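> Residue 105 is where the sequence shown starts when you use the working numbering, and the numbers rise one by one after that. Beta carbons: idealized from backbone N, C-alpha and C, even for Gly. Small disclaimer: the values here were computed from a predicted structure and weren't measured.
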Amino acid sequence: MVETGTTESPIETSAGSPLARNAGVPARRIRAALLSTGLAIATLLSGITVIAVSIEPNSDYISTEPWLCVLGPDRIGIEFVTYGHDFSAVLYGVVDSRGNWIVGPSPVTPRYGYFLSPSGAIAVCDSAARVHIAWILSGSNPREQSFYYLQLDGVGRVIATAGPLGNRSVTDQSYYPVSPGIQVNSSTVDVAWMDNGTSWAATLDLDGRLIQPAHPLAGNISGPPRVPSPLPSAFGSSASVGSDGAGFTYYVWQIFRFRQAGRQSLLEYEVGFGRTGPGGQVDRIVYSTDDFWWTTKPMVVPGFVFALIGAVTTPILAAYLARLRRLHGRP
C-alpha cells in the first residue's frame, strides 16, 4: 500500500540547512544597516551639539576691570563684564592654573542689550570659596546707576542676590566705566560706591539679606588692589592679581587689539590670563569679542569632524537600509 500523503523534505525543515541559513541573511543585514545608521545619526548630532555649545554670543566690548578669585589649588574664578546688542552681562567661570576653562564663562546676571546693561563689577572670594560680586546696572534711568549684589558658589551657581541697593547720579563725564567697592567681613558684606563726592554703602549678611540700607560712610571702601599687567602695553588695562600659597601668582586683565576684515578695521577686546611661578610662565587669551574666537576651543575641531562624518555617512547608510528593506519586502 502506497501512502498518498506528502512528506516534507529535510532541507526545508532543518534549522541548520543552507536554505534556512540563507533566509536569515537579509534580516541580519537589515539589523546591521539599522545599527550603523543609528550610529551615524548619533555622530552627526554629537558633532552639532559640541559646535552649538562652543559658539559664543557676539559682544562688542569687555570691561577694563576683569577680576580673579583664587578658590584653591588649580582653581581660579574669573569675573568680567561684556557689552553687546544681546549679550551685555556679568560673566563668571573657573579656569585651572594654565588658563583652561573648567567651568566655562556664563552670565550670572540677566542678559541685557545696548541701552540697559551692566557697566562695572568687582568680585572677591572668602575662605569658604564663595564669590561675592558687586555690580552696576546702567540705563534704566538715564541719569542713575543702580548697585546690586551677587553671591556664587565656587563653580558659579548663583546662591544669593540683592538689589538695587542704592543709586548713583550720573553725568556725561562719569557714565562709563565705573567700579563699585566691596568688602567681605567675618559676618557681613559691604557694597559701596561714590555719589557726588560722598561714600555710600549698603550692608548685607553672608546669606545676601540686606541688614542696613544705603548709608553714608566716613571713609572709603574699594576693592582688591590692581597691578600692572605681566605683559604691559598701551592697549590694555591693569591686572587683578592673586596667589595660591604654592608659589604661583595669577593675573587677569583686559586687552584690546585691531584686526582687519576686508577693508574694515575692527577693534576687538580680550581677557588675558597670566601665571608666574615655579612651573613656568603662562600667558593666554581666555575670552575674546572676536566672532570666530570660539573656533579655537579644544573640542571644536572634533565637533566639526564628528559632524562631517555623520553628515556624509547618514544619507548613504539610510539609502542602503531603505534598499535592503525594499529588496526583501520589509516595511
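Using the beta-carbon count (16 or more within 10 Å), is Asn524 buried or exposed?
Residue 524 is absent from the model: the chain starts at 105 and stops at 435.
> Among Leu148, Thr302, Pro130, whose alpha-carbon lies nearest the alpha-carbon of Val416?
Closest option to Val416, Cα to Cα, is Leu148.
> Check the DSSP bridge columns for Leu254 and list the partner residues they point to.
Bridge partners of Leu254: Ile237, Thr265.
> In the structure shown, what three-state DSSP assignment does Ile180 receive?
Of the three classes helix, strand and coil, the one that applies to Ile180 here is strand, per DSSP.
> Can you have a look at Ser192 and say buried or exposed, based on whether 16 or more other CB atoms are within 10 angstroms of its CB?
It is buried - the Cβ of Ser192 has at least 16 other Cβ atoms within 10 Å.
> Comparing C-alpha positions only, which one of Ser333, Pro211, Gly312, Ile180 sits nearest to Asp348?
Measuring from the Cα of Asp348, the nearest candidate turns out to be Ile180.
> What is the C-beta distance between Ile182 and Val157, in whole angstroms, given that I count them as a contact (C-beta under 8 Å)?
Their Cβ separation, rounded to whole angstroms, is 19 Å, which puts Ile182 and Val157 out of contact at 8 Å.
> In angstroms with no decimal places, state the Cα-to-Cα distance between Val405 and Thr399.
Between Val405 and Thr399, the C-alpha separation is close to 8 Å.
> On a Cα-Cα basis, can you pick out the residue from Gly346, Thr353, Leu269 that is closest to Gly312?
Checked all of Gly346, Thr353, Leu269; the closest Cα to Gly312 is Leu269.
> Using a Cβ distance threshold of 8 Å, determine whether the segment 246-256 contacts the segment 297-312, with at least three qualifying pairs required.
The segment 246-256 is in contact with the segment 297-312.
> Helix, strand or coil for Leu220, going by three-state DSSP, please let me know.
Residue state, collapsed to three classes: coil.
> Taking the beta carbon of Gln316 as the centre, do at least 16 other beta carbons fall within 10 Å, making it buried, or is it exposed?
Label assigned to Gln316: exposed.
> Would Pro209 be called buried (16 or more neighbouring beta carbons within 10 Å of its own) or exposed?
Buried.
> Under the DSSP definition of a beta bridge, which residues are partnered with Asn245?
Asn245 pairs with Glu248.
> Give the range of the alpha helix (DSSP H) segment to which Ile420 is assigned.
Per DSSP, Ile420 belongs to the alpha helix (DSSP H) from 404-431.
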